[in-house]
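Trainee: For the sequence shown, numbering that gives the first Met the number 0 begins at 0 and goes up steadily by one.
Here you go, one structure.
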Amino acid sequence: MKSNAAETIPAVLINQAYLPCRETGCPSDVLFLPGFEGSRLYYRDVLHREHQVWEPDVFTDIPYLKMNADGTSKYPLYTKDIIGTIQEHNPLATKIANTFGKNLDVYKSFTTYLDTLVASSTFKFQHWQSYPYDWRYDVRDIVNNGTTTMMPDGTIKQVYLKDTIIAMASSSPTGRVTLVAHSDGGLLAKAAAISFGADAPKYIDHIIMVGTPQLGTPSDIAAMLHGDEQEAGMGMVIDAHGARAVADTLP
C-alpha cells in the first residue's frame, strides 16, 4: 500500500480476562472488514442516477476514483456493500466468465459460510455483518472521519467504524465483537482498536487478520509506477495507464 500506515500502526494486544457469555457457550458476533478494493464505490450524476465506478464496467469509470492533492475525493463517492462476486450485476460478464472458467468470487463463498454458521442449530453464532469502506483513504482517516454510505432507506450518511462496533457489542451475546479482517482490513481493525485506547477490551474480544500487509506491500510499487497487473477486460475496463493515473493520487 502507498500509505505508511502499515509501518506506523503498532501491533495491538488486547489482554482481557475471559468473560462468560450472557448465554451459555456462545461466540461473539462478527464484524467483517474487507480488504483493499473489496468494497464497491458509487457515484450519482446531476440527474441523481447511480453509477457503480468500482468495480468498473468500462474504462470511463476509472477517473472517478481520483483524489485531490489534499487527500479528498475528487468526486462525491459512497459505498453500500462489499464485493461478493465480480460483476454480479452484469449477466453478460458472468456468462462470459463462466464460459472461460474464470472464478469471479471475491467474498461470496466466505459470506455464504458465515450465513450457514448463523443458520446452524449446533453452532450458536448469532449475527455477522460487514463494514464496507472507501479503501482509497488512509485507514486512520476512515476511523476518524467515517465512511460515506448509502443506508437501506436510500439516504446517504457518514458511518463510523467505532459506532458500528459499539452498536454490535451492545447486542452481542458476549457483549463484545470479533473483528475478522482481510488484507487492508487488518490495518483498519488495528487502527480502530487503537482509537478505543484502554476501552478496546470492552468492545473487542478478538481480531482475526488474514493476509494483512503488516510491513507494507512492496509488490504494489510496480502497480503504482507502471500499472502492472491492474488491467481488466483486455484493457477495455481497466488499462495500465488509467490504473497508474489513479494510484498516483491516492494518499
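Even glycine gets a Cβ: it sits at the ideal position worked out from N, Cα and C.
Please report the Cβ distance between Ile203 and Val176, rounded to the nearest whole angstrom; I am assuming they are in contact, meaning their Cβ atoms lie under 8 Å.
Mentor: Separation of the CB atoms of Ile203 and Val176 is rounded to 6 Å, and the pair is thereby assigned contact status at 8 Å.
Trainee: Would you say the segment 152-171 touches the segment 188-208, given that touching needs at least three Cβ pairs under 8 Å?
Mentor: yes
Trainee: So the alpha helix (DSSP H) Met167 belongs to, where does it begin and stop?
Mentor: Leu160 to Ser170
Trainee: Going by alpha carbons, who is nearest to Ala68 out of Lys107, Gln213, Leu113 and Tyr136?
Mentor: Tyr136
Trainee: Classify Asp104 as helix, strand or coil using the three-state DSSP reduction.
Mentor: strand
Trainee: Please give me, in chain order, every unbroken run of the alpha helix (DSSP H) with length at least 4 that falls completely inside the segment 133-161.
Mentor: For the segment 133-161, whole alpha helix (DSSP H) runs of length 4 or above, ordered along the chain, are 138-144.
Trainee: When you compare only the Cα positions, how much space is there between Tyr132 and Ser38?
Mentor: 6 Å
Trainee: Report the three-state DSSP secondary structure of Ser194 (helix, strand or coil).
Mentor: helix
Trainee: Span of the alpha helix (DSSP H) holding Met202?
Mentor: Just to set this straight, residue 202 is Tyr in the shown sequence, not Met. Counting along the chain, the alpha helix (DSSP H) containing Tyr202 begins and ends at Ala199 to Tyr202.
Trainee: Who are the Cβ neighbours of Met235 in its own chain at under 8 Å, not counting the five residues just before and after it?
Mentor: Low per-residue confidence applies at Met235: pLDDT is 43, beneath 50, and the placement is therefore not dependable enough to give any value.
Trainee: Specify the secondary structure class of Ala180 as computed by DSSP and reduced to three states.
Mentor: Three-state result, Ala180: strand.
Trainee: To the nearest angstrom, how far is it from the Cα of His225 to the Cα of Tyr63?
Mentor: Reliability of the predicted coordinates at His225 is poor, the pLDDT of 47 falling under 50, and no value is obtained from them.
Trainee: Would you kindly work out how many angstroms separate the C-alpha atoms of Tyr42 and Leu76, rounded to a whole number?
Mentor: Spanning the two alpha carbons is a distance of roughly 5 Å.
Trainee: Give the single residue among Gly153, Phe195, Met208 and Pro212 whose Cα lies nearest to the Cα of His47.
Mentor: Gly153
Trainee: Among His126, Arg139, Val209 and Leu160, which one has its Cα closest to the Cα of Ser170?
Mentor: His126
Trainee: Please report the straight-line C-alpha distance between Asp44 and Gln128, rounded to a whole angstrom.
Mentor: Whole-angstrom Cα-Cα distance: 29 Å.
Trainee: May I have the straight-line CA-CA distance separating Thr84 from Leu186, to the nearest angstrom?
Mentor: 23 Å
Trainee: Going by DSSP, what residues sit across from Glu49 in a beta bridge?
Mentor: Arg43
Trainee: Please confirm if the segment 104-117 is in contact with the segment 141-158, defined as three or more CB-CB distances below 8 Å between the two stretches.
Mentor: In this structure the segment 104-117 does not touch the segment 141-158; the number of beta carbon pairs closer than 8 Å is below three.
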